[in-house]
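Taken in sequence, the protein lines are chains B and E.
Residue numbers for the first sequence follow our numbering, so the first one is 1 and each next one is one higher.
Residue numbers for the second sequence follow our numbering, so the first one is 1 and each next one is one higher.
Number of protein chains: 2
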Amino acid sequence: MTAPRPVIAVDWGTSSFRAYALGPDGATQDHRASESGILRVAGGDFATAFRQQIGDWLDERPDALVVMSGMIGSRQGWMEVPYCPCPCDLSMLAAGLKRLDWPDSAHWPGVEVWVVPGLSAETAPGLPDVMRGEEMQIFGALPDLSAEGSGERAVVCLPGTHSKWASVAGGAVTGFATYMTGEVYDVLQGHSILGRLMTAEPAAADAWFEQGVALGAEGALLRVLFSARSRVLSGTLPESAVRSYLSGLLIGHEVSAALCDLEYPPAQIALLGAPALEALYEVALRNLGCDVKRLDAEVAAQGLFQVARRLLDGDTIARMR
Amino acid sequence: MTAPRPVIAVDWGTSSFRAYALGPDGATQDHRASESGILRVAGGDFATAFRQQIGDWLDERPDALVVMSGMIGSRQGWMEVPYCPCPCDLSMLAAGLKRLDWPDSAHWPGVEVWVVPGLSAETAPGLPDVMRGEEMQIFGALPDLSAEGSGERAVVCLPGTHSKWASVAGGAVTGFATYMTGEVYDVLQGHSILGRLMTAEPAAADAWFEQGVALGAEGALLRVLFSARSRVLSGTLPESAVRSYLSGLLIGHEVSAALCDLEYPPAQIALLGAPALEALYEVALRNLGCDVKRLDAEVAAQGLFQVARRLLDGDTIARMR
Numbered sequence: 001m002t003a004p005r006p007v008i009a010v011d012w013g014t015s016s017f018r019a020y021a022l023g024p025d026g027a028t029q030d031h032r033a034s035e036s037g038i039l040r041v042a043g044g045d046f047a048t049a050f051r052q053q054i055g056d057w058l059d060e061r062p063d064a065l066v067v068m069s070g071m072i073g074s075r076q077g078w079m080e081v082p083y084c085p086c087p088c089d090l091s092m093l094a095a096g097l098k099r100l101d102w103p104d105s106a107h108w109p110g111v112e113v114w115v116v117p118g119l120s121a122e123t124a125p126g127l128p129d130v131m132r133g134e135e136m137q138i139f140g141a142l143p144d145l146s147a148e149g150s151g152e153r154a155v156v157c158l159p160g161t162h163s164k165w166a167s168v169a170g171g172a173v174t175g176f177a178t179y180m181t182g183e184v185y186d187v188l189q190g191h192s193i194l195g196r197l198m199t200a201e202p203a204a205a206d207a208w209f210e211q212g213v214a215l216g217a218e219g220a221l222l223r224v225l226f227s228a229r230s231r232v233l234s235g236t237l238p239e240s241a242v243r244s245y246l247s248g249l250l251i252g253h254e255v256s257a258a259l260c261d262l263e264y265p266p267a268q269i270a271l272l273g274a275p276a277l278e279a280l281y282e283v284a285l286r287n288l289g290c291d292v293k294r295l296d297a298e299v300a301a302q303g304l305f306q307v308a309r310r311l312l313d314g315d316t317i318a319r320m321r
Numbered sequence: 001m002t003a004p005r006p007v008i009a010v011d012w013g014t015s016s017f018r019a020y021a022l023g024p025d026g027a028t029q030d031h032r033a034s035e036s037g038i039l040r041v042a043g044g045d046f047a048t049a050f051r052q053q054i055g056d057w058l059d060e061r062p063d064a065l066v067v068m069s070g071m072i073g074s075r076q077g078w079m080e081v082p083y084c085p086c087p088c089d090l091s092m093l094a095a096g097l098k099r100l101d102w103p104d105s106a107h108w109p110g111v112e113v114w115v116v117p118g119l120s121a122e123t124a125p126g127l128p129d130v131m132r133g134e135e136m137q138i139f140g141a142l143p144d145l146s147a148e149g150s151g152e153r154a155v156v157c158l159p160g161t162h163s164k165w166a167s168v169a170g171g172a173v174t175g176f177a178t179y180m181t182g183e184v185y186d187v188l189q190g191h192s193i194l195g196r197l198m199t200a201e202p203a204a205a206d207a208w209f210e211q212g213v214a215l216g217a218e219g220a221l222l223r224v225l226f227s228a229r230s231r232v233l234s235g236t237l238p239e240s241a242v243r244s245y246l247s248g249l250l251i252g253h254e255v256s257a258a259l260c261d262l263e264y265p266p267a268q269i270a271l272l273g274a275p276a277l278e279a280l281y282e283v284a285l286r287n288l289g290c291d292v293k294r295l296d297a298e299v300a301a302q303g304l305f306q307v308a309r310r311l312l313d314g315d316t317i318a319r320m321r
């Protein structure tokens, strides 16, 4: 065993930056978040943004091991790190880490910065899929996912702009698929004729949402989307309910398709997302016949800590240097 | 028989205005088109827009019968005319016509202006659907649709922003369903992450389109949409092909769902749309196992002429006055 070394976990995505200063046991000692996602970093000067966000932490922890996940490792990020193909467990992921050669390394010679790869999978022959960032939430949630035994299969849904449905078995992510649900909802409410019908009420897991789920699950998504307009015209859908109904149509379509797509559909699906979104997905899943286990989505730091532990194993570091 | 009276057919939709001066036999003597759709008429002053568009025709035809279809008869138009429920034939449609009381009637006392109702249908119990304008294309195309005998069933697809699939039997539209395909394509290419990947090449009925059709027909639309991004990232889809591929995904999903939704799926589907769009739908339909009959979409004036003929039948006019 190596001597404990401070770990800083960074989840740096498209629209947000989250950092966690972790103790030797992985407990969060300090954390901060900002909206400095990679698309908002002026001129792509990630080194400056990084220094501004957590430079003080590095001063306090001159031997820190920084492990970063998310879009920061994409082509548009600080350093591109190739995807690890599924099935992939924490050791395989750690073997794909890339060390960043950064301009401030002379100022903090004892600090190492590593970037985690994303995952790739095939949702069908020839049809690739990718994730960056969500894998650390999945690995962080592993203890809760596979409490029944490490060989147990589990399916976890991470709802969002690009919802991910991942299958987990034996501590590895065995495959996953992405659904563009959140982004399609956003563009329809922002730019389509449906958006012009809506009032300000946010989507809620109400009876309108449940009607939408049932219709969306039927399959003809492009047809039932239009019903959000024709029902308002005919007076059978209040304008205040359009967001809930539209949200139900899309989430119902996603959940139904995802359950069909699974090779081993489980009786229970784990949810890992923002509470408001988890609430909608829980209703959709239950209405479509699935039991639900809601998990805390703030677990990326735990996944990153597990990766850092493997880095702190001297063999791994030696192998990769 | 009444004496021949000049008929002016007007197809006034959301984004365009089309007018046809018709001879006693229905042949087009003159026509004009502009982009003065109802959403572009300043201050909703339809009377002024109408006078500017065809005032000279009214001067030349002081006893004209003007028959208008499209969104001009909607709540946002000049005068709202209630929808006629399906099944609906030309006589039922004519019975739903509403005469417009317009400010310039004193200037042209011999001119009558009538507005055609749209159609309504139930795509499923409690799920209403509506059309305004397309019904005149369908009725205009009737001679080509039911050439095999007036009792023959036919299915006609009118691709577009809101694609319509209508069933026709015995000279009546028996039902229809709307698919938001064109609008979803527009918002995705204009406002989503997929749009940012695209180059300027327009969608074409090429091998990428055909791949999209096959995948879209599988059903999990929100998942296969994301493949337009992941395949670009993985180098298996060129950016120049994203439009064709996305178009294929959406049209494939629409066509497959529409064929499933039909109570009596025919061996042949009639297409009534812009030539470029008809070409895409023809490939999608053939790839999904359907024969195709492409029709001329510029037939709304013929439908309106048929409605006008029923108006010119004195009994009908007397009944409605």
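Don't be surprised by glycine CBs; every beta carbon is placed ideally from N, CA and C.
- Within the segment 157-184 of chain B, those residues whose Cβ lies closer than 7 Å to any Cβ of chain E are, in chain order, His162, Ala177, Thr178, Tyr179, Met180, Thr181, Glu183 and Val184.
- For E:Val113, the nearest beta carbon of chain B is not closer than 9 Å to its own beta carbon.
- Chain B has a Cβ within less than 9 Å of the Cβ of E:Leu233.
- Per DSSP, the continuous beta strand (DSSP E) segment holding E:Tyr179 begins and ends at Ala172 to Tyr179.
- In this structure, DSSP gives B:His31 an extended state, which the three-state scheme calls strand.
- A Cβ-Cβ contact shorter than 9 Å links E:Leu221 with B:His253.
- Look at the segment 197-223 of chain E: the residues with a C-beta under 7 Å from a C-beta of chain B are Gly219, Ala220, Leu221, Leu222 and Arg223.
- Fully contained in the segment 103-138 of chain B are the following beta strand (DSSP E) runs of length 3 or more, in chain order: 112-115, 119-124 and 127-131.
- Contacts with chain E at 9 Å (Cβ-Cβ) do not include B:Val41.
- Residues of chain E with a Cβ closer than 7 Å to the Cβ of B:Val7 do not exist, since the nearest Cβ in that chain sits about 30 Å away.
- The beta carbon of B:Pro202 sits closer than 7 Å to the beta carbons of Arg243 from its chain, once the five residues preceding and following it are set aside; these are given in chain order.
- For E:Ser230, the closest of B:Leu119, B:Cys290 and B:Ala169 by C-alpha to C-alpha distance is B:Leu119.
- When DSSP states are grouped into helix, strand and coil, B:Val156 belongs to the strand group.
- By the Cβ criterion, the segment 263-277 of chain E is not in contact with the segment 192-199 of chain E, since fewer than three pairs of Cβ atoms, one from each stretch, lie closer than 8 Å.
- Between B:Gly219 and B:Ile251, the CB-CB gap reaches or exceeds 9 Å.
- Chain E has a Cβ within less than 9 Å of the Cβ of B:Ala258.
- At a C-beta separation below 8 Å, E:Val130 has these neighbours in chain B: Ser230, Leu233 and Ser234.
- It is roughly 51 Å from the alpha-carbon of B:Ala47 to the alpha-carbon of E:Ala279.
- The alpha carbon of E:Val81 has as its nearest neighbour, out of E:Glu60, E:Met131, E:Gln189 and E:Arg286, the alpha carbon of E:Met131.
- Taken atom to atom, the span from the alpha-carbon of B:Val232 to that of B:Pro128 is near 39 Å.
- DSSP, read as helix, strand or coil, puts E:Met71 in helix.
- By the Cβ rule, the segment 148-167 of chain E does not count as touching the segment 101-117 of chain E, because fewer than three pairs are nearer than 8 Å.
- For the segment 25-50 of chain B, the beta-carbon criterion of a distance under 7 Å to any beta-carbon of chain E is satisfied by none of its residues.
- For a cut-off of 8 Å, the C-beta gap from E:Leu93 to E:Val307 is around 6 Å, short enough to register as a contact.
- Note on B:Gln189: 16 or more other CB atoms within 10 angstroms of its CB, so buried under the neighbour-count rule.
- Not flagged as an interface residue toward chain B: E:Glu282, since no C-beta distance is shorter than 9 Å.
- Proximity of the segment 85-99 of chain B to the segment 15-32 of chain B falls short of the contact definition, fewer than three beta-carbon pairs being nearer than 8 Å.
- Between the segment 5-21 of chain B and the segment 48-65 of chain B there are three or more inter-stretch CB-CB distances shorter than 8 Å, so the stretches are counted as touching.
- In this structure, B:Tyr185 is the residue among B:Tyr185, B:Pro266 and B:Ala257 with its C-alpha nearest to the C-alpha of B:Ala228.
- The residues Gly182 and Glu183, in chain order, have a CB closer than 6 Å to that of B:Thr161 in the same chain once the five nearest residues on each side in sequence are set aside.
- Taking C-alpha positions only, E:Thr123 is separated from E:Asp261 by approximately 9 Å.
- Here B:Ala308 carries a helix assignment [DSSP, helix/strand/coil].
- Contact with chain B is found for E:Gly190, since one of that chain's Cβ atoms lies less than 9 Å from the residue's Cβ.
- Counted as a single uninterrupted DSSP element, the alpha helix (DSSP H) harbouring E:Ala207 occupies residues Ala207 to Gly216.
- For E:Glu254, the chain B residues whose C-beta falls within less than 9 Å of its own C-beta are Ala220, Leu222 and Arg223, listed in chain order.
- In the three-state reduction of the DSSP assignment, B:Leu233 falls in the helix class.
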